[in-house]
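The structure appears below as C-alpha cells.
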Amino acid sequence: MATALITGPTAGIGRAFAEKLAVEGYDLVLVARDEARLKELATELTRLHGVSCEVLAADLTEPAELASVEKRFADGPVEVLVNNAGFGQKKPFWANPIEVEEKQFDLLVRVVLRLTHAAILPMIERGSGAVINVSSVAGFFQRGTYSAHKAWVTSFSAGLAIELHAKGVAVMALCPGFVHTEFHDRMGMDKSIIPSFMWLDAADLVDAAWSDLMSGKAISIPSRRYKFLVTLGRFTPRTLITRISTTGLDGRRRS
Ligand SMILES: NC(=O)c1ccc[n+]([C@@H]2O[C@H](COP(=O)([O-])OP(=O)(O)OC[C@H]3O[C@@H](n4cnc5c(N)ncnc54)[C@H](OP(=O)(O)O)[C@@H]3O)[C@@H](O)[C@H]2O)c1
Numbered sequence: 239m240a241t242a243l244i245t246g247p248t249a250g251i252g253r254a255f256a257e258k259l260a261v262e263g264y265d266l267v268l269v270a271r272d273e274a275r276l277k278e279l280a281t282e283l284t285r286l287h288g289v290s291c292e293v294l295a296a297d298l299t300e301p302a303e304l305a306s307v308e309k310r311f312a313d314g315p316v317e318v319l320v321n322n323a324g325f326g327q328k329k330p331f332w333a334n335p336i337e338v339e340e341k342q343f344d345l346l347v348r349v350v351l352r353l354t355h356a357a358i359l360p361m362i363e364r365g366s367g368a369v370i371n372v373s374s375v376a377g378f379f380q381r382g383t384y385s386a387h388k389a390w391v392t393s394f395s396a397g398l399a400i401e402l403h404a405k406g407v408a409v410m411a412l413c414p415g416f417v418h419t420e421f422h423d424r425m426g427m428d429k430s431i432i433p434s435f436m437w438l439d440a441a442d443l444v445d446a447a448w449s450d451l452m453s454g455k456a457i458s459i460p461s462r463r464y465k466f467l468v469t470l471g472r473f474t475p476r477t478l479i480t481r482i483s484t485t486g487l488d489g490r491r492r493s
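Numbering (our numbering), first residue to last: 239 to 493.
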C-alpha cells in the first residue's frame, strides 16, 4: 500500500485529509504535537478503513523534531506529502512578540520548504509522488505576515509544479478560504463577523483539492465563490482593498 505523510492531522483540514487518504487506501504517517490525539486518530482510521497509521509526535518549529520527521522520508517510501500544519494570529505583526512571528514563519514557510525538499528527492528517484502544500486565498492579498507566508507557499508550489512535472512528481498549492476548523478559535478570532456563506466544510474542501490534484492542477482554489473572489481581487484597485481590509472582514479589526 502507498503511504501519505500529513502534518497537522489532529484537527480541521489535516484531519479531513487523513480521513480522505485513508478512504483512498493510503497508509498514513500522522505528524503533530498532541500525541494523545494522534494516537486516537490512528486507532480510529485503522478500525474504520484498515490502513496502518504511524504516529510521529513533533513540534515542527523545533529543529531537532523537524529533523526526525525529515528522516522519515529516507526510512521508507512516502508517495504523498500534505504540508498542512499551521496557525494564525489575531494581532498585527508589530503587536506580536517577534518570537511568535518567527514560530509562525518557521511553521508556514521553513517547515514547508524543508519537508518538501526531503519528500521530493526520493519521489524524483522513483519518478512518482505528490506534494500538497496547504496555502490560503489570503496569499493572493496583502494582509500581514500570514498573507506573505501563504503567498510564498503558493508561488513556491506552483513554480515547483512546473519544474517537476516532467519528472512524474505533482506539486499543488491548496488555497482555501474560510474553513470550519479549530484555526480561528485557536487564534481567538470572533467568527461571527464572517458571513455564513463564506465558510467552507473541511471534507468538501479536501474532496475538491484531491480531484484538482488528480486533474493536474498546480493551484487549487475550491468553491466558485473563492475562485470569483480571487479573480476579483486581481482587478480591484489597491485603495479599495485597503478600505475593505480595515472593516475587519478578516476578523482582525484594527481600529
Ligand atoms: N481554517 C481556515 O479558514 C484556513 C483557511 C486557509 C488556510 N488554512 C490553512 O490550513 C492549514 C490547517 O489549518 P486548520 O484550519 O485545519 O487549523 P486547525 O484546525 O487549528 O489545525 C491545525 C493543525 O496544525 C497542527 N499544528 C499546529 N502547530 C503545530 C506545530 N508547531 N507542529 C506540528 N503541528 C502543529 C495542529 O496540531 P497540534 O496542536 O496537535 O500540534 C493541528 O493538527 C493551515 O496551514 C492554515 O493556515 C486554514
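Just so you know, even glycine gets a beta-carbon here, dropped at the ideal spot from N, CA and C.
Locate the alpha helix (DSSP H) running through residue i, then write down its first and last residues.
i, result
"M361", "V349 to R364"
"T392", "G382 to L402"
"A254", "G250 to V261"
"I336", "I336 to F343"
"L451", "A440 to M452"
"V468", "R462 to F473"
"H422", "F421 to R424"
Below 8 Å on the Cβ atoms is my guess for residue i versus residue j; work out the distance and round it to an integer in Å.
i, j, result
"E317", "A240", "4 Å"
"V289", "D265", "5 Å"
"A356", "F311", "4 Å"
"S374", "M410", "S374 to M410, Cβ: 14 Å. No contact."
"I244", "L268", "6 Å"
"T322", "G246", "In the sequence on display, residue 322 carries Asn and not Thr. Contact holds; Cβ gap of about 4 Å."
"L298", "L345", "6 Å"
"S366", "G406", "5 Å"
"A376", "A254", "With a Cβ gap of about 19 Å, A376 and A254 do not count as contacting."
"M427", "K328", "6 Å"
"P447", "S395", "Note that residue 447 corresponds to Ala in the displayed sequence, not to Pro. Incorrect: roughly 12 Å between the Cβ atoms, too far for contact."
"A296", "V307", "5 Å"
"L304", "V349", "6 Å"
"H218", "F343", "Because the chain is modelled from 239 through 493, residue 218 falls outside the range shown and cannot be assessed."
"F416", "I432", "6 Å"
Where DSSP assigns a beta bridge to residue i, which residues make up the other side?
i, result
"A411", "N371 and I457"
"A270", "A295"
"T241", "D265"
"V417", "L438"
How far does the beta strand (DSSP E) with residue i in it extend, from its first residue to its last?
i, result
"V307", "It is not in any beta strand (DSSP E) - V307 instead sits in the alpha helix (DSSP H) that spans P301 to D313."
"L319", "V318 to N321"
Just checking: is the beta-carbon of residue i within a distance shorter than 9 Å of some beta-carbon in chain D?
i, result
"K341", "This model lacks chain D altogether; it includes just one protein chain."
- Sufficient close CB pairs (3 or more, under 8 Å) joining the region 375 to 393 to the region 437 to 448: no
- Three or more C-beta pairs closer than 8 Å, one from the region 270 to 289 and one from the region 252 to 262: is that the case here? yes
- Message: With a threshold of 8 Å, are at least 3 pairs of Cβ atoms found where one atom belongs to the region 363 to 383 and the other to the region 418 to 430?
- Response: no
- Message: For the pair the region 359 to 374 and the region 331 to 338, tell me if three or more CB-CB distances fall below 8 Å.
- Response: no
- Task: Spell out a yes or no on whether the region 265 to 279 and the region 464 to 482 are touching, meaning 3 or more CB-CB pairs, one atom from each, closer than 8 Å.
- Result: no
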